[in-house]
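If you're matching them up, the sequences are chains W and H in order. The opening residue of the first sequence carries number 0 in numbering that gives the first Met the number 0; numbering runs sequentially from there. The opening residue of the second sequence carries number 0 in numbering that gives the first Met the number 0; numbering runs sequentially from there. Glycine included, each C-beta is placed from N, C-alpha and C at the ideal position. Below is one structure, written out as structure tokens, with a few remarks after it.
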Amino acid sequence: MGQPHAPLLSLRGLTRRFGGLTAVDGIDLDLAKGGLVSIIGPNGAGKTTLFNLVTGLDRPDAGEVRFEGEDITGLSPERLAGRGIARTFQLGRVFGNLSVMDNVLIGAHTRLRAVKPAVPVIGPLLELGLALLRPASVRDEEERLREEVKAILGRFGERLLPRIDQPAYSLSYANRRRVEIARALALKPRLLLLDEPTAGMNPSETAEMQALVAELKAEGLTILLIEHKLEMVMRLSDRVIVMDEGKKIAEGPGEEVRGDPKVIEAYLGHGLSGGAEQESAA
Amino acid sequence: MSSWLDYTINGLIVGNVYALVAVGLALIFGVSRLINFAQGSIYLVGAYIGWVAVVQLHTPLPLTIIFVAVLAALVGLIIERFGLRPLQNSVRIAPLLATIGISFVLDQLVMLTFSPNPRALPSQLPDVRFQVGGGTIGPLDLLIAGVGITSALLLFVFLRYTRLGWAVRAASQDRDAAMQMGVDVNRVNQTVFGIAAALGGVSGLLVGMYYNQIDTAMSLQATLKGVVAEVVGGAGNVPGAVVGSLLLGLVESYGVAVFGTSYRNLFAFLLLVVVLVLRPNGLFASARQAPPEPLTGTFIAPSRPVRIPRWALAVVTAAFAVLPLLPVSFYMLQTLINAWLLGMLALSLTLVAGTIGQVSLGHAALLAIGAYTSALLSLTLNVPVGLAIISGGLMSAALGTILISPSFRLRGHYVSIATLAIGEIVSLVILNWEGVTRGPIGISGIPPLSLFGYDLISPASVYWFAFAVMVVLALLQARLLGSHLGRSFRAIRDDDIAARAYGLGLNRYKSLAFIFGGFAAGVSGGIAAHLYSYINHETFNTQQSILALTVVILGGLGNVVGAIVGAVALVGLPEVFRIAAEYRILIYGIVLLLLVRFRPQGLLGTI
Ligand SMILES: Nc1ncnc2c1ncn2[C@@H]1O[C@H](COP(=O)(O)OP(=O)(O)OP(=O)(O)O)[C@@H](O)[C@H]1O
Ligand SMILES: [Mg+2]
Numbered sequence: 000m001g002q003p004h005a006p007l008l009s010l011r012g013l014t015r016r017f018g019g020l021t022a023v024d025g026i027d028l029d030l031a032k033g034g035l036v037s038i039i040g041p042n043g044a045g046k047t048t049l050f051n052l053v054t055g056l057d058r059p060d061a062g063e064v065r066f067e068g069e070d071i072t073g074l075s076p077e078r079l080a081g082r083g084i085a086r087t088f089q090l091g092r093v094f095g096n097l098s099v100m101d102n103v104l105i106g107a108h109t110r111l112r113a114v115k116p117a118v119p120v121i122g123p124l125l126e127l128g129l130a131l132l133r134p135a136s137v138r139d140e141e142e143r144l145r146e147e148v149k150a151i152l153g154r155f156g157e158r159l160l161p162r163i164d165q166p167a168y169s170l171s172y173a174n175r176r177r178v179e180i181a182r183a184l185a186l187k188p189r190l191l192l193l194d195e196p197t198a199g200m201n202p203s204e205t206a207e208m209q210a211l212v213a214e215l216k217a218e219g220l221t222i223l224l225i226e227h228k229l230e231m232v233m234r235l236s237d238r239v240i241v242m243d244e245g246k247k248i249a250e251g252p253g254e255e256v257r258g259d260p261k262v263i264e265a266y267l268g269h270g271l272s273g274g275a276e277q278e279s280a281a
Numbered sequence: 000m001s002s003w004l005d006y007t008i009n010g011l012i013v014g015n016v017y018a019l020v021a022v023g024l025a026l027i028f029g030v031s032r033l034i035n036f037a038q039g040s041i042y043l044v045g046a047y048i049g050w051v052a053v054v055q056l057h058t059p060l061p062l063t064i065i066f067v068a069v070l071a072a073l074v075g076l077i078i079e080r081f082g083l084r085p086l087q088n089s090v091r092i093a094p095l096l097a098t099i100g101i102s103f104v105l106d107q108l109v110m111l112t113f114s115p116n117p118r119a120l121p122s123q124l125p126d127v128r129f130q131v132g133g134g135t136i137g138p139l140d141l142l143i144a145g146v147g148i149t150s151a152l153l154l155f156v157f158l159r160y161t162r163l164g165w166a167v168r169a170a171s172q173d174r175d176a177a178m179q180m181g182v183d184v185n186r187v188n189q190t191v192f193g194i195a196a197a198l199g200g201v202s203g204l205l206v207g208m209y210y211n212q213i214d215t216a217m218s219l220q221a222t223l224k225g226v227v228a229e230v231v232g233g234a235g236n237v238p239g240a241v242v243g244s245l246l247l248g249l250v251e252s253y254g255v256a257v258f259g260t261s262y263r264n265l266f267a268f269l270l271l272v273v274v275l276v277l278r279p280n281g282l283f284a285s286a287r288q289a290p291p292e293p294l295t296g297t298f299i300a301p302s303r304p305v306r307i308p309r310w311a312l313a314v315v316t317a318a319f320a321v322l323p324l325l326p327v328s329f330y331m332l333q334t335l336i337n338a339w340l341l342g343m344l345a346l347s348l349t350l351v352a353g354t355i356g357q358v359s360l361g362h363a364a365l366l367a368i369g370a371y372t373s374a375l376l377s378l379t380l381n382v383p384v385g386l387a388i389i390s391g392g393l394m395s396a397a398l399g400t401i402l403i404s405p406s407f408r409l410r411g412h413y414v415s416i417a418t419l420a421i422g423e424i425v426s427l428v429i430l431n432w433e434g435v436t437r438g439p440i441g442i443s444g445i446p447p448l449s450l451f452g453y454d455l456i457s458p459a460s461v462y463w464f465a466f467a468v469m470v471v472l473a474l475l476q477a478r479l480l481g482s483h484l485g486r487s488f489r490a491i492r493d494d495d496i497a498a499r500a501y502g503l504g505l506n507r508y509k510s511l512a513f514i515f516g517g518f519a520a521g522v523s524g525g526i527a528a529h530l531y532s533y534i535n536h537e538t539f540n541t542q543q544s545i546l547a548l549t550v551v552i553l554g555g556l557g558n559v560v561g562a563i564v565g566a567v568a569l570v571g572l573p574e575v576f577r578i579a580a581e582y583r584i585l586i587y588g589i590v591l592l593l594l595v596r597f598r599p600q601g602l603l604g605t606i
């Protein structure tokens with residue numbers, strides 16, 4: 000563990016190029032434990048790519064990612080999940096044929112006792128053995144996790160609980176997004192990355208989601224949020240980072256960033272901005 | 000030195016032929032992200048149309064080529080229109096399965112029309128050879144080179160300078176964007192299938208003339224070679240496919256020069272596996288490709304599986320268990336024994352292809368590994384048969400998983416190619432590793448099934464043995480599916496990226512699935528070996544892999560009960576209706592096609 004006041008997550012000079020396009024261009028970012036930082040910016044600014052770099056789904060061409068004081072650049076997503084980094088996906092990536100319960104249980108996968116032994120060959124074979132024999136300890140753990148999943152689903156009111164055994168493909172779009180967040184929470188994350196959690200939601204659903212994120216923040220969870228709905232960003236964020244064409248063009252408290260001429264220009268320069276589009280659609 | 004030049008010329012000529020197949024595959028992959036497993040069948044059809052033209056209609060050579068190209072293109076158009084277009088909004092696995100089904104149907108139709116015996120296809124060209132440097136070259140070589148270069152030029156002009164060609168290029172760069180710009184994707188698909196089929200058909204004709212022989216086994220080989228060349232060049236990359244084909248031709252030709260003819264295919268498939276492992280995007284892709292875009296839609300057909308109450312399953316199991324006590328015919332027991340063996344293979348495949356989504360086309364290789372291990376252990380080391388069969392299962396689990404592991408990083412259709420190639424490699428190693436496997440002679444005199452020193456000779460005892468083993472395997476698999484591993488496997492199948500983001504290492508879980516599935520398949524192969532008393536490298540072939548796949552889809556992917564129901568149905572129904580053996584594979588192909596089109600979730604539903 001790093002020094003007492005080191006940020007939980009810090010990015011230095013993070014860069015990712017796709018051919019001639021620099022999708023993420025020398026991004027620096029610090030996120031303190033318990034903090035909530037939002038990343039905004041027009042479509043194609045590189046926000047999702049930045050998330051991919053932090054969560055190991057993509058590897059940076061340059062720069063560094065530090066988490067809890069350790070260099071985690073280029074670690075595989077499965078290792079990062081094991082360290083407590085959970086994310087949701089912009090387009091929604093639930094496991095369509097799995098029930099809501101199973102989807103959320105996958106979130107708790109890294110916490111299962113059976114997957115813990117990291118010894119090559121022996122570890123996986125033990126896992127297979129435990130899955131087939133299912134001793135009392137494994138059954139109890141499963142039972143406990145199922146209760147926990149119900150508690151997590153309870154945070155979404157009556158949206159998901161009545162559908163707990165339905166396959167995810169049969170859910171509405173908004174409910175699938177909720178399942179994703181529930182799955183992330185089941186990991187007991189130390190860092191939660193939310194990629195446009197309210198995309199495609201109507202105003203009342205958005206308000207619900209905003210309340211949930213506020214609740215999570217109040218519970219001390221550290222959150223990195225991508226969001227186009229500025230209202231929500233202003234309410235929740237400790238700090239806002241504005242990206243455009245891969246670069247960070249502004250950073251600071253919400254109100255300050257909002258009036259920044261560079262930010263206004265970035266949004267206007269891109270015609271129909273993501274924010275405007277989203278808000279008029281909502 | 001002179002012979003090296005000959006080998007080089009031969010390699011380039013063969014490479015030219017592969018290029019005709021591979022370019023078609025690349026065009027199709029480019030616009031529809033589909034590996035067309037029926038490409039080799041069109042090549043086969045081309046060869047036989049050529050035979051009809053040359054031998055029966057006595058057409059002159061230029062007319063023969065045009066005749067073949069036009070008819071083959073027609074077949075391609077029919078495949079596109081009736082086989083694939085209806086599946087456009089279907090699950091991702093559907094078009095792949097459809098091309099496999101189409102391939103089997105076409106091959107069987109050719110076989111039924113022309114008989115499986117090889118035929119001579121005379122080349123219609125004077126049989127002279129010219130000295131070139133230290134080697135020789137014949138008119139047919141020049142013809143093949145000429146057709147290859149002409150087709151490449153025509154294709155280049157078409158793609159670059161015509162409107163339709165522009166549409167094809169646009170669709171392969173970004174299909175959605177092209178559609179928004181008004182490109183008619185159906186027309187593009189049609190064009191591409193037509194061109195691919197014409198090239199494939201002509202290629203079959205030329206190869207038939209080159210070797211002066213055609214037979215129905217050409218089809219699978221051509222598909223495999225074309226796919227190898229295409230993947231080496233980078234899937235969807237047309238010039239890459241040409242270079243990949245020439246490279247493949249040369250590698251094979253030099254390999255044959257050094258090691259002998261029986262190694263030809265081994266080199267081809269090793270080249271494929273090496274490329275897939277080291278450069279899965281082909282030799283010419285930039286070093287680090289962008290990760291693939293998020294996949295939309297589901298891999299297997301979503302469904303609500305039919306829930307069969309436990310007591311009903313118990314009753315049916317009991318009924319089958321007491322069957323030998325009833326006055327049933329020997330033949331019926333024999334048929335059901337086959338069904339149980341196929342059921343074990345299907346259990347294995349439904350786990351691998353259905354539950355974790357790795358559509359293996361080389362599953363019969365696992366049977367072969369189990370069968371050879373068990374046979375050799377009991378024959379040479381006198382290991383008791385029961386123990387030998389279990390060892391066969393374990394060997395299949397271990398070796399199968401190791402062999403298949405290069406494919407763990409691959410997705411979708413690539414997995415199918417890799418498993419197909421690995422299956423072929425296993426069969427070729429068995430053929431060539433004479434010291435251990437006795438090579439082409441095969442293994443005979445394998446001891447009969449026995450348990451604790453008692454030989455199981457009577458049909459009833461064999462029946463009980465096979466049935467009991469299958470039921471135990473099914474129960475174990477059901478238990479596995481009910482554990483955290485079951486949901487982990489299914490999560491990986493549904494979305495491997497999200498699965499990784501939640502800590503599911505793909506290598507770990509795919510290995511576990513193959514270990515478990517490999518065991519069941521190996522046991523099935525082991526039992527079969529002792530039952531048949533003779534096996535060789537062709538006992539467990541691609542046809543069985545495809546049959547198992549049909550069974551699994553019929554029952555419902557991932558569905559344990561479905562796998563067994565499917566096995567009984569596909570083994571039993573042809574008996575009930577007394578369908579002659581030569582029509583069965585045709586029927587399996589048609590069943591596969593109908594299922595993919597009308598009931599992709601199978602009888603009992605995917606899980
Ligand atoms: N895998 C990839 N290959 C090539 N280019 C990519 C890839 N992923 C993203 N890009 C490009 O990188 C740029 C940034 O994309 P990104 O998805 O990160 O933007 P974003 O800020 O999340 O936008 P949005 O608000 O639309 O979600 C875009 O121009 C995009 O086309
Ligand atoms: Mg985004």
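*Quick one, are the C-beta atoms of W/Gly-18 and W/Ala-61 less than 9 Å apart?*
For the purposes of this step, residue 18 of chain W is taken as residue 19 along the first sequence, with counting starting at 1. For the purposes of this step, residue 61 of chain W is taken as residue 62 along the first sequence, with counting starting at 1. Contact flag unset, no.
*Opposing strand residues paired with W/Pro-166 [DSSP bridges]*: As a working note, residue 166 of chain W is residue 167 in the first sequence. According to DSSP, which records beta bridges pairwise, W/Pro-166 is partnered with W/Ser-98.
*Pull up the CB-CB distance for W/Leu-224 and W/Leu-193, whole angstroms please, since I reckon it's below 8 Å.*
Along the first sequence, read from residue 1 onward, the residue named residue 224 of chain W stands at position 225. Along the first sequence, read from residue 1 onward, the residue named residue 193 of chain W stands at position 194. Yes, they are in contact, since the Cβ atoms of W/Leu-224 and W/Leu-193 sit about 5 Å apart, within 8 Å.
*Could one say the Cβ of H/Ile-299 lies closer than 9 Å to chain W's Cβ atoms, at least one of them?*
Counted from its first residue, the second sequence places residue 299 of chain H at position 300. With 9 Å as the cut-off, H/Ile-299 counts as an interface residue toward chain W.
_Test item: CB-CB of H/Val-570 and H/Asn-337 under 9 Å_ = For this step, residue 570 of chain H is matched to residue 571 along the second sequence. For this step, residue 337 of chain H is matched to residue 338 along the second sequence. Contact: yes.
*Buried or exposed for H/Ala-317, please, with buried defined as at least 16 other CB atoms from any protein chain shown within 10 angstroms of its CB.*
Along the second sequence, one-based indexing puts residue 317 of chain H at 318. By the neighbour-count rule (16 or more Cβ atoms within 10 Å), H/Ala-317 is not buried but exposed.
*asked:* With DSSP as the reference, identify every bridge partner of W/Leu-8, one or two as the case may be.
replied: Along the first sequence, read from residue 1 onward, the residue named residue 8 of chain W stands at position 9. W/Leu-8 is bridged to W/Leu-30, W/Phe-66.
_At least 3 beta-carbon pairs within less than 8 Å: the segment 215-224 of chain H vs the segment 22-39 of chain H_ = Judged by Cβ distances under 8 Å, the segment 215-224 of chain H makes contact with the segment 22-39 of chain H, as three or more pairs qualify.
_Burial state of H/Pro-614 (16 or more Cβ within 10 Å)_ = Any question about residue 614 of chain H goes unanswered here, given that chain H covers just 0 to 606.
_In DSSP terms, what W/Glu-250 is bridged to_ = In the first sequence, residue 250 of chain W corresponds to position 251, counting from 1. DSSP lists W/Ile-240 as partners of W/Glu-250.
*Determine, using beta carbons only, whether W/Arg-182 comes closer than 9 Å to chain H.*
Position 183 of the first sequence, counted from the first residue, corresponds to residue 182 of chain W. Output row for W/Arg-182: interface = yes.
*Would you decide whether H/Tyr-587 is buried or exposed? Buried here means 16 or more other CB atoms lie within 10 Å of its CB.*
Reading the second sequence from its first residue, position 588 is the one you call residue 587 of chain H. Buried, because 16 or more other Cβ atoms sit within 10 Å of the Cβ of H/Tyr-587.
*asked:* I'd like the ranges of any beta strand (DSSP E) spanning at least 3 consecutive residues and lying wholly in the segment 180-233 of chain W.
replied: 190-194, 221-225
*Using a beta-carbon distance below 9 Å, is W/Asp-194 in contact with chain H?*
To locate residue 194 of chain W, count along the first sequence from 1; it is residue 195. With 9 Å as the cut-off, W/Asp-194 does not count as an interface residue toward chain H.
*Measure the CB-CB distance between H/Gly-147 and H/Phe-157 and report whether it falls below 9 Å.*
The sequence position of residue 147 of chain H within the second sequence is 148, counting from 1. The sequence position of residue 157 of chain H within the second sequence is 158, counting from 1. In this structure, H/Phe-157 does not lie closer than 9 Å to H/Gly-147 by Cβ.
*If the cut is a Cβ gap below 8 Å, which residues of chain W does H/Thr-605 touch?*
Against the second sequence, residue 605 of chain H aligns to sequence position 606. Against chain W, the beta carbon of H/Thr-605 has neighbours under 8 Å at Asn-96, listed in chain order.
*Who are the near neighbours of H/Gln-600 in its chain, counting only those whose CB is closer than 7 Å to its CB and skipping five residues on each side?*
One-based indexing of the second sequence puts residue 600 of chain H at position 601. Around H/Gln-600: Ala-300, Ser-302, Gly-555.
*Residues, ordered as in the chain, of the segment 79-91 of chain W that lie near chain A by beta-carbon distance below 7 Å*: Chain labels in this structure do not include chain A; the protein chains are W and H.
*Would you tell me roughly how many angstroms separate the C-alpha atoms of H/Ser-218 and H/Val-67, rounded to the nearest one?*
For the purposes of this step, residue 218 of chain H is identified with residue 219 of the second sequence, where counting begins at 1. For the purposes of this step, residue 67 of chain H is identified with residue 68 of the second sequence, where counting begins at 1. C-alpha separation (whole angstroms): 16 Å.
*Proximal residues to H/Glu-292 (C-beta, below 6 Å), its chain only, five neighbours per side dropped*: As a working mapping, residue 292 of chain H is identified with position 293 in the second sequence. In this predicted model, H/Glu-292 has a pLDDT of only 38, less than 50, meaning its place in the structure is not dependable; the value taken from the coordinates is given anyway. Closer than 6 Å at Cβ, skipping near neighbours: no residue.
*Listing by chain order, which chain H residues have their CB less than 8 Å from the CB of W/Gly-106?*
To locate residue 106 of chain W, count along the first sequence from 1; it is residue 107. Ordered by position in chain H, the residues that pass the 8 Å Cβ test against W/Gly-106 are Tyr-501.
_Please list, in chain order, the chain H residues whose beta carbon lies closer than 7 Å to that of W/Ala-130._
Translated into positions along the first sequence, residue 130 of chain W becomes position 131. Leu-479, Ser-482, His-483, Leu-484, listed in chain order.
*Nearest-angstrom beta carbon gap, H/Val-595 and H/Leu-553 [assumed within contact, 8 Å]*: Position 554 of the second sequence, counted from the start, is the residue given in the question as residue 553 of chain H. Position 596 of the second sequence, counted from the start, is the residue given in the question as residue 595 of chain H. That pair is no contact at about 11 Å.
*Which residue from H/Leu-198, H/Ile-429, H/Val-384, H/Val-315 puts its Cα closest to that of H/Asn-15?*
In the second sequence, counting from the first residue as 1, residue 15 of chain H sits at position 16. Among H/Leu-198, H/Ile-429, H/Val-384, H/Val-315, the Cα nearest to that of H/Asn-15 is on H/Leu-198.
*For H/Asp-175 and chain W, any beta-carbon pair shorter than 9 Å?*
If you number the second sequence from 1, residue 175 of chain H lands on position 176. No, H/Asp-175 lies away from the interface with chain W (no Cβ there is under 9 Å from its Cβ).
*Is the beta carbon of W/Arg-154 sitting closer than 9 Å to the one on H/Ala-497?*
As a working note, residue 154 of chain W is residue 155 in the first sequence. As a working note, residue 497 of chain H is residue 498 in the second sequence. No, they are not a contact pair.
*asked:* With H, G and I counted as helix, E and B as strand and the rest as coil, what does DSSP make of W/Gly-273?
replied: To locate residue 273 of chain W, count along the first sequence from 1; it is residue 274. With a pLDDT of 45 at W/Gly-273, under the threshold of 50, the predicted position of this residue should be treated as unreliable, though the coordinate-derived value follows. Reduced to three states, the DSSP call for W/Gly-273 is helix.
*Between the segment 508-522 of chain H and chain W, which residues of the former have a C-beta closer than 9 Å to a C-beta of the latter?*
Tyr-508, Ser-510, Leu-511, Ile-514, Phe-515
*Return the first residue and the last residue of the alpha helix (DSSP H) that H/Leu-247 is part of.*
One-based indexing of the second sequence puts residue 247 of chain H at position 248. Here the alpha helix (DSSP H) through H/Leu-247 covers 237-258.
_Environment of H/Ser-482 [buried if 16+ CB atoms lie within 10 Å]_ = Here residue 482 of chain H refers to the residue found at position 483 when the second sequence is read from its first residue. When all chains shown are included, H/Ser-482 counts as buried.
*Of the listed residues H/Met-208, H/Ser-171, H/Thr-538, H/Leu-111, nearest to H/Leu-427 (C-alpha basis)*: Locating residue 427 of chain H in the second sequence gives position 428, where the first residue counts as 1. The candidate whose alpha carbon is nearest that of H/Leu-427 is H/Thr-538.
*Beta carbon of W/Lys-261: closer than 8 Å to some heavy atom of ligand 1?*
Translated into the one-based positions of the first sequence, residue 261 of chain W becomes position 262. In this structure, the C-beta of W/Lys-261 stays at least 8 Å away from each heavy atom of ligand 1.
_Quick check: what's the CA-CA separation for H/Thr-334 versus H/Ala-467?_
Numbered from 1 along the second sequence, position 335 holds the residue referred to as residue 334 of chain H. Numbered from 1 along the second sequence, position 468 holds the residue referred to as residue 467 of chain H. Their backbone Cα atoms lie some 16 Å apart in a straight line.
_Under 9 Å, Cβ to Cβ, is there at least one residue of chain W near H/Ser-487?_
In the second sequence, residue 487 of chain H corresponds to position 488, counting from 1. For H/Ser-487, the answer is yes, since a Cβ of chain W falls inside 9 Å of its Cβ.
*Exposed or buried, H/Val-274, counting other C-beta atoms within 10 Å across all chains shown (16 or more means buried)?*
As a first step, residue 274 of chain H is located in the second sequence; it is residue number 275 there, counting from the start. H/Val-274 comes out buried.
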